[in-house]
Amino acid sequence: MADTHIGNGFVPSGQLQLGVFFQGVNSGTVWKSPESGSQTDFESFRRIAQTAERGLFAAFFLGEGLRLREHLGRPHALDVVGRPDAQTMLAALASVTTRIGLVATQNTTYNDPADLAHRLSSLDLLSGGRAAWNVVTTDNAWTGANFRRGGYLDHADRYVHAEAFVTTAKRIWDSWEDGAIAETPAASAWAAPGSARPVHHGGKHYTVDYVPRLPRSAQYRPVLFQAGDSPEGRDFAARQADVIFSAHPRLDDALSFRRDIVERTVKAGRGANDVKIMPASEFILAATPQEALEKKNWVRSLQIGPEQAIAYLEQFWGRELQGFDPDGPLPDIDPVVEETSETRGSGFHGAKAKQLADQWRAEAKDKGLSIRQFVSARTSRGDSSFTGSYTEVADRLAEYARTGAVDGFNISPWLIPTGLDDIVNHLVPALQERGVYPTEYAGSTLRENLGLATPVRQDNADTVRLRLTVGEQLL
Amino acid sequence: MSTAANSSTPSAARRGFLALELDGDGGHPAAWRKARHTPAELLDGTRVRATVLAAESAGFHVATFADGALPPAADSLDGRDIPGRLNALQRAAFAGPITGSIVLVPEVDTVYTEPFHISTQLASLDYVSGGRAGWLVAASDQAVDAAAVGRSFVSADGLGREAAASIEVSRRLWDSWEDDAVIRDVATGRYIDVDKLHYVDFASTVDFASTAGAGYSVKGPSIIPRPLQGQLPVLAPAGLLSADQLSAGAADAVLVSAPTPELLAGEIAEARAAAPAAAVIAELDVVLDARGQSAAGRLAELDAHTPWQSSRARFVGTAAALTELLGSVLETADGVRLHPAVLDVDLEELAQLVLPALRRRGVLAPQQPGSTFRNLLGLQRPASRYAAVSVPSAANN
Ligand SMILES: Cc1cc2nc3c(=O)[nH]c(=O)nc-3n(C[C@H](O)[C@H](O)[C@H](O)COP(=O)(O)O)c2cc1C
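Chains A and B supply the protein sequences, listed in that same order. Take the first sequence: its letter number 329 is residue 483 in the working numbering, and every next letter is one higher. Take the second sequence: its letter number 23 is residue 202 in the working numbering, and every next letter is one higher.
Dropping the structure here:
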């Protein structure tokens, strides 16, 4: 049994929240199934978002990738490819939903702070205070080739840059005084003179000189999610974020991640409970454990077919491996690249290829796994998957709530657009029976529904401390 | 007037469309003083929903959404008129799922925004609106927009080149997935046909602004499949793009302005000559008699707060006279975009008096639920320029 004591004054809430991660690109969805719908039609997004809202989900979540993933120098053909712009899609969903939070993954390297802050503010106001920004810092020159600025950012600087970016965005969101706007059209001015402060930022990476155009929203400013797992990423989250979208769903791992984050958060001068954690996860559920297991095998066979298994290895080997039998052992030839490339997405970046190949061959041999079995175990969120009957999984999740290992899960449905139906129809009621899931939305904003405190204005209490921690100069 | 007589006039054969600009509380900077909601209620989804639905049910074919920093009104006090505005593209996206026939056209700047983002956002707007999206190209000449992103200011002669480059990047990115690139071939495990995806390899050759350094490049392909319309219709103000850029097809429609309604006809003819293939849309400010008050009286009252300065022709008068004017403008223009002084007031008059009269005359294109913006403009859905079976028009690029 894992040591569940978190320490540092952390108090488990005993509650869980759910979010839905509509996956745009990956091998996670079973597009080969005849039941699988379009990955780009608006109706797919509407259906998932409205089902999630029926299940009282806190958030609808979209990822981002700013260059099409490649495989051996060409766009990747085997997995789902292509997805709409996150904020545009979420603005559309804002008009057909009323309570669910709308989370856009947006990169700090290829955006301008004033532009991004303004668009997030718009989404927040349009949705009545339901917007969130999942801050990512993916920074390779390969993605930069799609932007005016190009690959101008050194990998080592990604969080220095991100922190200056986020700090500037927060100041933009805090720049209009509350109550500045007139209460009636009969007033002498639309807004009280001087009620919007210009925001200046001058730093190593960019200069911003901006007069903000929008007031605060019902939740004051967009909720900040963060995804990025390095120590720098965790410290950045501990200082700046409200929620971490983590890659640690297994209970023991989740508990140690929580301990780490609580420690960093307290060190950053914030409360032990201030940063929520929601890991990425997949649920394969049925009425009985046996049915769930059968379903899992079926899902996996569609996610990782023979072609996907070979292609997965090719990405790390950097060469074609078509001659190898997917049901045979891992290739005995070595990779032709030194480092794995980023062209398949951020998860594939920078590992030492030869070392990885040796390690994998040993592991597969040890466990007696074929290429297909090995790849299947490594992908499809093997670690992040919850398989079982509704009641079984509800019991397991209640343990997460009791220990405070996580604040909730961000679920990736493996079927679009009906993949949330069994979760909402069966798992949610089972969690409610156990008293670990809300029975109604706590409020109308995402911040209220996540149980987050109202933020302090950036230019008051925060500023002094931020001056000390941010690697860029604040003017 | 006799509608029977009018419906048989020869000009009735020509059918145009009407666009409505939905920014703020109306075109007049003091419009908020006559709005039917509190000032703070302007900047939320409820207001966007109400205005776009009102425009659609009034029978407007197109809604446009202005963007950018609001210029401080001349000689007004700081904060006297509305200083805030929601992002235009997001307002259009918000309207997408709740409307069924009105075309949604946000203004999007081309000078200080990333072309790759613009292209993806507009393609996404096409998806969420079922093919009813367009792009009103703007080229900011405001120093504040340059300062916001820390770039050096692009002066007037660079604007057209920036705009043209940005349009070209977007068009190539929209074409970078051929229509049938998503194949979902279960037998081979291939989700896409890689041969139908293309790098756009755009490189601007121009030195856009003296101090901003050289141009830029965009690799592609797009991160989203081809928009539903293939290519979104692109609208540009007359004068922004050069004759060469227009004849190369950079814009599908041009918006023309004149100092007075009388001078509009001349401008329309000029735009038609400069870009024979593009639709011509005339711009018109509108103040109508309403609520027992004359249009001139209403305008004087608003102007006493803040004068309405605009480079567009302005109509101030009765619904009947506006109907006449629009009838005659639509004989030569393909469409007219109206900028009502006060949305809550003038839109009501337009909906109740002007549009029904024009419909009776048969001068308006029918509203077609489920139809695309390209349909409205009479444009074919183009093949991707990268498609293997080359089409004659591909030679132009
Ligand atoms: C659960 C999770 C989800 C992520 N989703 C995205 C994404 O959608 N788009 C993206 O560009 N990066 C995504 N990332 C990658 C991180 O942004 C990237 O690893 C990071 O910004 C680099 O920081 P790091 O070195 O701290 O990990 C994700 C990371 C995690 C852990």
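The C-beta atom is built at its ideal place from N, Cα and C for all residues, glycine as well.
Beta bridge counterpart(s) of residue i as assigned by DSSP
i: L215(A); result: Here residue 215(A) turns out to be Phe, not Leu, going by the sequence shown. DSSP output for F215(A) lists F175(A) and V257(A) as bridge partner(s).
i: M432(A); result: F399(A)
i: T361(A); result: G356(A)
i: S396(B); result: A382(B)
i: I447(B); result: Looking at the DSSP assignment, I447(B) forms no beta bridge with any residue, so it has no partner.
i: I371(B); result: V361(B)
CA nearest to the CA of residue i, picked from the options
i: T252(A); options: V490(A), D233(A), G209(A) and R273(A); result: G209(A)
i: Y544(A); options: D576(A), T322(A), S167(A) and L279(A); result: D576(A)
i: A325(B); options: A366(B), Y291(B) and S334(B); result: Y291(B)
i: G310(B); options: A245(B), A483(B), L534(B) and G275(B); result: G275(B)
i: P366(A); options: A458(B), R264(B), A237(B) and T367(B); result: R264(B)
i: A555(A); options: T494(A), L172(A) and R375(A); result: L172(A)
i: R369(B); options: I464(A), Q373(A), R413(A) and R473(A); result: I464(A)
i: I431(A); options: F390(A), R302(A) and G562(A); result: G562(A)
i: L220(A); options: Q488(B), G399(B) and R553(B); result: G399(B)
i: V289(A); options: A323(A), F528(A) and L439(A); result: A323(A)
i: E602(A); options: A334(A), P376(A) and A548(A); result: P376(A)
i: L407(B); options: K213(B), S319(B), L304(B) and P440(B); result: L304(B)
i: S455(A); options: V529(A), A548(A) and W471(A); result: V529(A)
i: K145(B); options: F437(A), V235(A) and A343(A); result: Only positions 180 to 576 of chain B appear in this structure, which leaves residue 145(B) out of reach.
i: V179(A); options: P166(A), A206(A), D239(A) and F164(A); result: D239(A)
i: R350(B); options: S401(B), A437(B) and V465(B); result: S401(B)
i: P438(B); options: P455(B), Q424(B) and S490(B); result: S490(B)
i: L551(A); options: E461(A), S276(A), R424(A) and Q586(A); result: Q586(A)
Close Cβ partners of residue i (< 6 Å) along its chain, the five nearest in sequence each way excluded
i: Y563(B); result: The sequence given here has Ser at residue 563(B), not Tyr. If we look at S563(B) and ignore the five residues flanking it on each side, its Cβ neighbours are D354 and E357.
i: H359(A); result: H315
i: G205(B); result: P519, A520, V521 and L522
i: Q300(B); result: L268
i: R303(A); result: none
i: P285(B); result: F244, A267, L268 and A271
i: A382(B); result: S396
i: L534(B); result: A237 and G238
i: G542(A); result: P443 and A446
i: G203(B); result: I261
i: A252(B); result: Confidence at A252(B) is low in this model, with a pLDDT of 46, below 50, so its placement is unreliable and the value that follows should be read with caution. Same-chain partners within the cutoff: P208, D260 and T485.
i: Y364(A); result: A268 and V353
Sequence-distant residues of its chain with Cβ nearer than 7 Å to residue i (five each side left out)
i: P262(B); result: L249
i: A203(A); result: F214, L247, T251 and I254
i: D488(A); result: K508 and A511
i: S349(A); result: W330, E331 and A334
Boundaries (first-last residue) of the alpha helix (DSSP H) holding residue i
i: L447(A); result: P443 to Q457
i: V508(B); result: A498 to V508
i: W296(A); result: A295 to G298
i: R550(A); result: Y544 to T557
i: L425(B); result: A422 to S426
i: A531(A); result: I525 to R532
i: W330(A); result: Element bounds for W330(A): n/a, residue is neither H nor E.
i: W314(B); result: Careful: W314(B) lies outside any alpha helix (DSSP H), inside the beta strand (DSSP E) at W314 to A317.
i: Q373(A); result: Here Q373(A) belongs to no alpha helix (DSSP H), and DSSP marks it neither H nor E.
i: H484(B); result: A474 to H484
i: F577(B); result: Beyond the ends of chain B as shown, which are 180 and 576, falls residue 577(B); an answer cannot be given.
Beta-carbon proximity list for residue i, same chain, < 8 Å, skipping 5 on both sides
i: R370(A); result: W327, D328, W330 and D332
i: K450(A); result: I438, S539 and T541
Where the beta strand (DSSP E) containing residue i begins and where it ends
i: T243(B); result: V241 to F244
i: H272(A); result: Not the beta strand (DSSP E): H272(A) falls in the alpha helix (DSSP H), residues P267 to L280.
i: L581(B); result: Because residue 581(B) is not part of the residues shown, which for chain B are 180 to 576, the question remains open.
Heavy atom of ligand 2 within 7 Å of residue i beta-carbon
i: D414(A); result: Questions concerning ligand 2 fall outside what the structure shown contains, since the ligands it does hold are ligand 1.
Check whether the segment 506–519 of chain A touches the segment 433–443 of chain A, counting contact only when three or more Cβ pairs, one atom from each stretch, lie closer than 8 Å.
no
Check whether the segment 551–570 of chain A and the segment 172–188 of chain A touch, using three or more Cβ-Cβ pairs below 8 Å as the test. yes
| said: Using a Cβ distance threshold of 8 Å, determine whether the segment 582–595 of chain A contacts the segment 220–227 of chain A, with at least three qualifying pairs required. | reply: no
Next item on the list: Count the CB pairs spanning the segment 361–379 of chain B and the segment 409–418 of chain B that are closer than 8 Å, and state whether there are at least three.
Entry: no
At least three beta-carbon pairs within less than 8 Å, the segment 470–483 of chain B to the segment 491–502 of chain B: yes
Below 8 Å, how does it come out for the segment 278–287 of chain A and the segment 295–303 of chain A: are there three or more Cβ pairs, yes or no? no
Quiz item: Should the segment 406–416 of chain A be regarded as contacting the segment 513–523 of chain A, the criterion being three or more beta carbon pairs within less than 8 Å?
Solution: no
Fill in: Interfacial residues, the segment 402–419 of chain B to chain C, with Cβ spacing under 8 Å
Of the chains in the structure shown, none is chain C; the protein chains are A and B.
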